[in-house]
Structure formats: structure tokens, C-alpha cells
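Visitor: Input: one structure, supplied below.
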Amino acid sequence: MSKHAADSHDLIRVHGARENNLKDVSIELPKRRLTVFTGVSGSGKSSLVFSTIAAESQRLINETYSAFLQGFMPSLNRPDVDLLDGLTTAIIVDQERMGADPRSTVGTATDANAMLRILFSRLGQPHIGSSQAFSFNVASISGAGAVTVEKAGRTVKERREFSITGGMCPRCEGRGAVNDIDLTQLYDENKSLNESAITIPGYSMEGWFGRIFRGCGYFDPDKPIKRYTKRELNDLLYREPTKIKIEGINLTYSGLVPSIQKSYLSKDVDALQPHIRAFVERAVTFTTCPDCDGTRLSEAARSSKIKGISIADACRMQISDLAQWVADLDEPSVAPLLKGLRHTLDSFVEIGLGYLSLERPSGTLSGGEAQRTKMIRHLGSALTDVTYVFDEPTIGLHPHDIRRMNDLLLQLRDKGNTVLVVEHKPEAIAIADHVVDLGPGAGSAGGEVVFEGTVAALRKSGTLTGRHLDDRAALKDSVRKPSGFLPVKGADRHNLRDVDVDIPLGVLVVVTGVAGSGKSSLIHGSVSTRDGVVAVDQSAIRGSRRSNPATYTGMLEPIRKAFAKANGVKPALFSANSEGACPTCNGAGVIYTDLGMMAGVATTCELCEGKRFDASVLEYTFGGKDISEVLAMSVTEAEKFFGAGESKVPQAHAVLARLVDVGLGYLSLGQPLTTLSGGERQRIKLATRMGEKGGVYVLDEPTTGLHLADVEQLLALLDRLVDAGKSVIVIEHHQAVMAHADWIIDLGPGAGHDGGRIVFEGTPADLVKSRSTLTGEHLADYVA
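Be aware that the sequence shown starts at 539, since it is given in my numbering, and climbs by one per residue.
Put into C-alpha cells, the structure is as follows:
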């Protein structure tokens, strides 16, 4: 074999990558090594690692399946790249939240629940049936039906009884909670349907909804609801889905309550759009199911026990305790099962998630917890020569836990795998065999490889990352004095142990502690819900590929009005989702062509050339720019444009200034939200919420996705908020933010039931001096 062939066998070669902002990037990455990708937020790291290398690997794997199977898979486009060579199977372990299905738990999202169910079906006493008898997602049903059987050489149909024993609680249908709907929130009884009596979001009398309600014949649409008969009111509220025919078209009528149950209450509330979530929180009361006590399981499933423990008890245990209980079971008949279950549970503990329970809804996990939960299925894998792709695996991790994460990444590498990691934390960059630094800036100013080599060479490279790699924030010479206190009494949410604390106001308070120590439970449970508090948490922001920073932040509204006023036309003309849309692509800017079993193709619309608007709309200008040119501007350009002169729009300018403040000046106003990283999405939410009136700001890990060089800018923003008279409470693991605090509240000492207490309150200097907690030890080492 030639030297070149041997070399190429050990390399992943990328030539001419142009995804998103990448500028013809060509690079060769060593296989079976740990490569860390660095650079400012928006420099092109994710475009290279996820949208190019991992995406092409997944596309090529999908192509190995039959055309029939490919028809059921998501269509993946080939990345914009000239050559990709040496790829191996890519496994992506990203920060995307786990499914928000209310039936999904930590146990069902991993193999743990399935193995526990089999264990109880074999060893549980009394014996109640197969593993599905312990599943809260399988209902018990019985009945009769026709089956086809062969008798005496001919096929006949026979009627047979059947019975399925499932573990689902019949009262709550396996959800663990029952709901009560406040009917007064569904309609205004003084109005008729035609007067828009229905007050449920999305239930307008326009379109199909109105046709169904007017044509169903169950009630008079012109009669006020308070004059309905009992039967009419019952039909409006509770009638089960019923087939009806209106104007020759087959339709389905459903009462308001079953409709809400199906469309809104079958999903995780946190996954709903904000205005719908607000309605649900206003109209629906959720209470723990009284029949199963929230375990989701039937009485039979709860009655079967192993050594006095039911499957419901096991799923409620902290995983570290459950691991110990399983380790003490010795039953040769199920030895392989016990071995597999022990390995899975030990992996939770090893990865720093031992404080969770298997019954925890998966939709409630943070991005970092979700990413580590996904890692568990790979830790015991016998596969080698796989490419593992991680997106900031240290997110949500205390400095103490980052060492553990580093060990796990190195373990994957040492099994003969290629590990690609996008990271900002210096402790995680330090373990790299190879570093690729992208930049030099963000957005259109990025997309180039500015350095590749060792960590030692990066330090000397002079790139933005290299210059800031050894940055250390110093403790402040003096701290601000509180203007008052916000008292919290007897906080006992999740693992909190009757916590009493006075949170200082008018200063920068940083809440610290290892993952699972109770930080979020304390702040989001006892502070975020109070009047006058603006809370920016880590919940995902929802948006389609038509959503962008301009639409999400609300700044497009005043911009549209400014265009309309300047040109004497309607504001709707300047919306690509409304009257101004290009008629060919309906305002999408691209035409999507479905090629059946093959990957669909998105091509730029020939009529509008990707500008999304009808040509006539682009004849109207404001400040010399048409609306498509405004949406193509970066936030920094737009902030200048709308800040002075004839093009001044104060409302839009205020939002743009906040986006610059949170380090998003490089984004373009029309960039689809679906292309933003997790950190970018959180900061766009922060910029939006900063416009709300409130005296207390609660921020949950605002350094997520921030480059070392940008942390300084965030600290300056926090200072400006405090200096403007706001109180700022930050949940954070980043030591630069801890060092900059006026006051630290440290929870612990450990996670889960080993946490939930306040182990330190005071200034960062006092915490460093005492080194009395894990946080204190790491902060002291950091500032030393």
C-alpha cells in the first residue's frame, strides 16, 4: 500500500465545504483521535461538524437501505461540499431536548425501563404476566375478533376471545396526572359563536372551524351561549368526535373539551407555543392522579414486588440508590439481564446523572442532561471506528463534573473511535489531540479555518481563541451593597430540604453548585414565578424555517409599519408570510421538490431569486433600502441603520441594541431560527425578554455557547443591568461569572438527595478564602 493510501485511510478529508457561512473550507482530520472545534459563536463550527461531516455520513448510511425503507426516513440533502472522503458511521450526541411526549421518561428514553419490566415479570411476586403488564404505555383491553386459521387444508375464519394485560393506570391513562378544565376560560357566555364567543387560541370562526360549527346543526350560531339548552351545551363542550357532512364534504365535529384534550393536553405543556401554553396554564389545573399516586401504573403492576420493592418504587428511587439495589440482587436465572441493567444504571452514575430518577419526564431534562442521557447507550457499545460528534458536552456541568466528562470522551477515543467535539470551555479544549479553530469572526466574518494543530500551538497562535485560552477573571476589589432582600422560606421543591434564604436585591447574585444540587429548583421554583421577575430559562424556542430574529423578537412589526407609512400602503405587504409573499414560492424563498424515496431538493426560487417577496413590494423603500435588503442586514448594520436619520425606528432600534449587547451582532435579521445554535437561541430569548418591565432578572446559564472572548461582554451587560437598578440572579457554572458576582449562593454538597441544602452564602472572596465547598475549591484554583 502506498504512503498516500495509508494516510488517507487514517484521515477524514473535507474539501470545498460551503454550508451556511463556510468559505470553501478544506481540512484533513485525524481518525481515532479527539479533535476539538473552537471559535466564536457563529464562526462555522457547527456548519463544518454537524451540517457537513455528520450530515453526509448519515445521508450515506440512509442510502444503504432499500428504496422502500428510505421512503419512511427523513430526506437528507447532500451538504454543499466538493469532496468528503474517509467518513465512518457518525453518531450525533447533541443538545436537542428529548421528546416532549408526556409519556416519555428517563427510563423509557433509555433501556432501563424495558429491562426493569422484564425483571419484574420474571421475579415479581405475585406474578401478574409478561413485561407489558408493567408498562404504563400499554392499556389492559379484552374483546373478541375474527382470526384466520387453517383447518384440514383449508383457510377458515373463527371468532376468538382475546385479552391484553397492560400496566397503564385506567384513571389517568398512564400520564400520572389528571386535569380539570375551567369552562369559563373556553367561551364568553354572553356572546354567540358568530360573535366570536370561543376564547381558545386558534379557534376562530373563520375557515373550516367556522364551517363545522355553523353547519353541524347541534346549536344556533347566532344564539348567546348562556341561552343554550343542556343538550346544546353538552354538544358544544363534550360531544365525542362525530362524522358529519357539510356541503357534500365529509368532516368531523368534536366538542371543545375533547378537542383541547387531543390538540393541547396530549403534549408536554412546555413544548406548546407561548400563547397556547399561557391559555393552558390559565384554563387547566393538573393534579396528581389519585388512583396511582402519579406512578402511572395500574394497581396490579404496583402489587407485584421483588424484596418488598415494586416497579413504581424502583422508578421513583434516585438512580444511584436503584443501582445499589439492583447490585444486591443475586438471581442466576436472570444473570445476563441483571448485568445489562447494572451497566446502564452505573453509566448514569458515572456520567453524573445519578441524582435523576427513571420516572422523571424526559421533556423536563435540560439540554446538558439530555445530551448526557443520550451518551449512556453508547458507553457500553461494542462498536469501534465510529465517529462520535458532540455539541458542547460540558453544558450544565460544574467544573468538578467536567473532569468526569473528559474521562468519558477519552474512553470513547481509546476504544478506537474518532471523537469530534464543539467546545468553548478551556478545561475541555485542553484534552484535545487536535484543535481546529474557526473564524476569524462570526457570520459573514467567519467560516475560515484560522488554526489547526495541538493545544500548545493554539496558545501561541495569536487567534482569538488562542489569546483568550488562559483568560482568568479576577475577583472584584469591592462588591456592591444590597438594596434589600427577597426572602425564600421553606423551599422544598424536588430535592430541596426546607430551604430558607434571603436573596440580596440590587446586586449580581450567582447561584452555584454541582448539576442536580437544587439550583434551578430553588430559583425557578421560588423566585421566577413572582410578580416583577423576568426569567430567561433554557426551554427551547419554537420556530419554523420561516421564523427569524426579526419575527421572533417582534422588531419586524415596527419596521413593517415604518415601510407602510413611508409608502402609503398596508403593513401586510411587507410580510413574506402574508400579502407581500412571492406567489411562486409562497414567501419561502426556495422551492421544495419531493423526489419520493430520494432526498428532496430545495432550489432558490427563480422568480424572487430567494428574496421571498413579490417584485412589486421591492419597489417600496425606506431609507433607501427595500424590505429584503433590510432582512439581509446583520444586527450590527441594522442597529446603525434604524438608530439615526430618516431611517430611525426607535422601537426596532431598542431590540437591535439588546441583540448587540448579548453578542448576536453578526446574525442577519432574516436568518432562519432553525439554523441557530442552542446558545444563540437562548441569547436571542434573553435580548427579547430584556425589553419587558421587571425589577428582577433571572438568567439560567447565559454563558451557554459563548466563546471565551464574549464572556467579558456578557459580564459588562450584567453590570449595566445592575447599575440601571435591576436585581440580577444568575444560575451559572462558569467561573468567570462566579468571580464577578457580588454575592454567591452555593447549593450542595452533592446532587439529588445528597444536595438540596445551602452550603455557602457570601462574597466570592470569602468562598475562595474558605475553600469550604466543591465550588470554593475550583474557584480558588481558577483565580489563583
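Ideal Cβ positions, reconstructed from N, Cα and C, are used throughout, including at glycine.
Helix, strand or coil: which one does DSSP assign to Asp548?
Guide: For the purposes of this step, residue 548 is identified with residue 10 of the sequence shown, where counting begins at 1. Looking at Asp548 - three-state DSSP - the assignment turns out to be coil, as it is neither helix nor strand.
Visitor: Taking the alpha-carbon positions, what's the Val959 to Val1128 distance?
Guide: By one-based count along the sequence shown, residue 959 stands at place 421. By one-based count along the sequence shown, residue 1128 stands at place 590. If you take the alpha carbons of Val959 and Val1128, they lie about 32 angstroms apart.
Visitor: Compare the C-alpha of Asp632 against each of Val1193, Gly1232, Ala1225, Gln909 and name the closest.
Guide: The residue you call residue 632 lines up with position 94 of the sequence shown. Minimum Cα distance to Asp632 is reached at Gln909.
Visitor: Does the contact criterion of 3 or more C-beta pairs under 8 angstroms hold for the segment 1258-1274 versus the segment 1041-1048?
Guide: The answer is yes - the segment 1041-1048 touches the segment 1258-1274, with three or more Cβ pairs under 8 angstroms.
Visitor: With DSSP run on the structure shown, which of helix, strand or coil describes Val959?
Guide: Counted from its first residue, the sequence shown places residue 959 at position 421. It is a strand residue.
Visitor: Quick check on the burial criterion: 16 or more other C-beta atoms within 10 angstroms. Buried or exposed for Asn728?
Guide: As a position in the sequence shown, residue 728 is number 190, starting the count at 1. Asn728 comes out exposed.
Visitor: Report yes or no: do the segment 789-804 and the segment 689-707 share at least 3 C-beta pairs separated by less than 8 angstroms?
Guide: No, the segment 789-804 is not in contact with the segment 689-707.
Visitor: Determine, using beta carbons only, whether Gly1232 and Val987 come nearer to each other than 8 angstroms.
Guide: As a position in the sequence shown, residue 1232 is number 694, starting the count at 1. As a position in the sequence shown, residue 987 is number 449, starting the count at 1. No, the pair does not count as a contact, with Cβ atoms beyond the cut-off.
Visitor: Kindly give me the distance between the Cβ atoms of Ser836 and Ser842, rounded to whole angstroms, as I take these residues to be in contact under 8 angstroms.
Guide: Position 298 of the sequence shown, counted from the first residue, corresponds to residue 836. Position 304 of the sequence shown, counted from the first residue, corresponds to residue 842. Contact doesn't hold; Cβ gap of about 10 angstroms is too wide.
Visitor: Report yes if the C-beta distance between Pro931 and Leu947 is below 8 angstroms; otherwise report no.
Guide: The residue labelled residue 931 in the question sits at position 393 within the sequence shown. The residue labelled residue 947 in the question sits at position 409 within the sequence shown. Going by C-beta atoms, Pro931 is nearer than 8 angstroms to Leu947.
Visitor: Buried or exposed, going by whether 16 or more other CB atoms sit within 10 Å of the CB of Gly755?
Guide: If you number the sequence shown from 1, residue 755 lands on position 217. With fewer than 16 other Cβ atoms within 10 Å, it is exposed.
Visitor: Pull up the DSSP beta-bridge partners for Gln856, would you.
Guide: Position 318 of the sequence shown, counted from the first residue, corresponds to residue 856. Ser895, per the DSSP bridge assignment.
Visitor: Please state if the CB of Ala1176 and the CB of Leu1207 are separated by a distance shorter than 8 angstroms.
Guide: In the sequence shown, counting from the first residue as 1, residue 1207 sits at position 669. In the sequence shown, counting from the first residue as 1, residue 1176 sits at position 638. Taking 8 angstroms as the Cβ cut-off, Leu1207 and Ala1176 qualify as a contacting pair.
Visitor: Just grab the DSSP bridge partners of Ala684 for me.
Guide: To locate residue 684, count along the sequence shown from 1; it is residue 146. Note: Ala684 sits in a beta bridge opposite Arg697.
Visitor: Looking at the structure shown, is His1291 part of a helix, part of a strand, or coil, going by DSSP?
Guide: For the purposes of this step, residue 1291 is taken as residue 753 along the sequence shown, with counting starting at 1. Three-state DSSP puts His1291 in a helix.
Visitor: What is the C-beta distance between Ala682 and Thr911, in whole angstroms, given that I count them as a contact (C-beta under 8 angstroms)?
Guide: For the purposes of this step, residue 682 is taken as residue 144 along the sequence shown, with counting starting at 1. For the purposes of this step, residue 911 is taken as residue 373 along the sequence shown, with counting starting at 1. Rounded, the Cβ-Cβ distance is 42 angstroms, inconsistent with contact.
Visitor: For His547, collect the residues of the same chain with a Cβ closer than 6 angstroms to its Cβ; drop the 5 residues on either side in sequence, then sort them by chain order.
Guide: If you number the sequence shown from 1, residue 547 lands on position 9. Answer for His547: no residue qualifies.
Visitor: Name the DSSP beta bridge partners of Thr576, please?
Guide: For this step, residue 576 is matched to residue 38 along the sequence shown. For Thr576, which the question treats as bridged, DSSP gives the partners Asp975.
Visitor: My assumption, with CB atoms under 8 angstroms, is that Arg777 sits in contact with Tyr791. Please give the rounded CB distance.
Guide: Stepping through the sequence shown from its first residue, residue 777 is reached at position 239. Stepping through the sequence shown from its first residue, residue 791 is reached at position 253. Confirmed, Cβ separation roughly 7 angstroms.
Visitor: Per DSSP, what kind of secondary structure is Lys729 in: helix, strand or coil?
Guide: For the purposes of this step, residue 729 is taken as the residue at position 191 of the sequence shown. Lys729 falls in the coil class under three-state DSSP.
Visitor: Have a look at Val644 and Arg840 and give me their C-alpha separation to the nearest angstrom.
Guide: Translated into the one-based positions of the sequence shown, residue 644 becomes position 106. Translated into the one-based positions of the sequence shown, residue 840 becomes position 302. Roughly 19 angstroms between the two C-alpha positions.
Visitor: Just mark Ile857 as buried or exposed, buried being the case when its beta carbon has 16 or more other beta carbons within 10 Å.
Guide: Within the sequence shown, the letter at position 319 stands for residue 857. It is buried - the Cβ of Ile857 has at least 16 other Cβ atoms within 10 Å.
Visitor: With a CB to CB cut of under 6 angstroms and the five nearest residues on each side skipped, what residues in its chain are close to Gly1022?
Guide: Position 484 of the sequence shown holds residue 1022. If we look at Gly1022 and ignore the five residues flanking it on each side, its Cβ neighbours are Leu1043.
Visitor: Per DSSP, which one or two residues make a beta bridge with Lys781?
Guide: The residue labelled residue 781 in the question sits at position 243 within the sequence shown. The partner list for Lys781 (beta bridge, DSSP) reads Thr790.
Visitor: Under 8 angstroms between the Cβ atoms of Pro964 and Leu1013?
Guide: Sequence index remark: in the sequence shown, residue 964 carries index 426 (1-based). Sequence index remark: in the sequence shown, residue 1013 carries index 475 (1-based). Their beta carbons are not under 8 angstroms apart, which means Pro964 does not touch Leu1013 by this criterion.
Visitor: Grab me the residues of Val1306's own chain with a C-beta within less than 7 angstroms of its C-beta, minus the 5 sequence neighbours each way, in chain order.
Guide: Here residue 1306 is taken as the residue at index 768 of the sequence shown, counted from 1. Same-chain partners within the cutoff: Leu1013, Gly1314, Leu1317, Ala1318, Val1321.
Visitor: What is the rounded straight-line gap between the Cα of Ile591 and the Cα of Ser904?
Guide: Position 53 of the sequence shown holds residue 591. Position 366 of the sequence shown holds residue 904. Cα to Cα, Ile591 sits roughly 26 angstroms from Ser904.
Visitor: What residue does the beta strand (DSSP E) around Gly1028 start on, and which one ends it?
Guide: In the sequence shown, residue 1028 corresponds to position 490, counting from 1. Run containing Gly1028: 1022-1029, per the beta strand (DSSP E) assignment.
Visitor: May I ask you to report which of helix, strand or coil DSSP gives Ile738?
Guide: Here residue 738 is taken as the residue at index 200 of the sequence shown, counted from 1. If DSSP states are grouped into helix, strand and coil, Ile738 belongs with coil.
Visitor: In whole angstroms, what separates the C-alpha of Arg880 from that of Leu1312?
Guide: By one-based count along the sequence shown, residue 880 stands at place 342. By one-based count along the sequence shown, residue 1312 stands at place 774. If you take the alpha carbons of Arg880 and Leu1312, they lie about 28 angstroms apart.
Visitor: Between Asp923 and Lys1223, what straight-line distance do the alpha-carbon atoms span, to the nearest angstrom?
Guide: Counted from its first residue, the sequence shown places residue 923 at position 385. Counted from its first residue, the sequence shown places residue 1223 at position 685. Looking at the two C-alpha atoms, the distance is approximately 39 angstroms.
Visitor: Just grab the DSSP bridge partners of Lys689 for me.
Guide: Translated into positions along the sequence shown, residue 689 becomes position 151. Note: Lys689 sits in a beta bridge opposite Arg692.
Visitor: Where DSSP assigns a beta bridge to Asn717, which residues make up the other side?
Guide: The residue labelled residue 717 in the question sits at position 179 within the sequence shown. Its beta-bridge partners are Phe824.
Visitor: Which runs of the alpha helix (DSSP H) spanning at least 4 residues fall entirely within the segment 1042-1088, listed in chain order?
Guide: Fully enclosed alpha helix (DSSP H) runs of 4 or longer: 1057-1064.
Visitor: Just to confirm, are Ala1274 and Ala1011 a CB contact at a threshold of 8 angstroms?
Guide: Indexing the sequence shown from 1 puts residue 1274 at position 736. Indexing the sequence shown from 1 puts residue 1011 at position 473. Going by C-beta atoms, Ala1274 is nearer than 8 angstroms to Ala1011.
Visitor: Given 8 angstroms as the limit, is there contact between the segment 1188-1200 and the segment 932-940, that is, 3 or more CB pairs closer than that?
Guide: Taking 8 angstroms as the limit for Cβ pairs, the verdict is that the segment 932-940 does not touch the segment 1188-1200.
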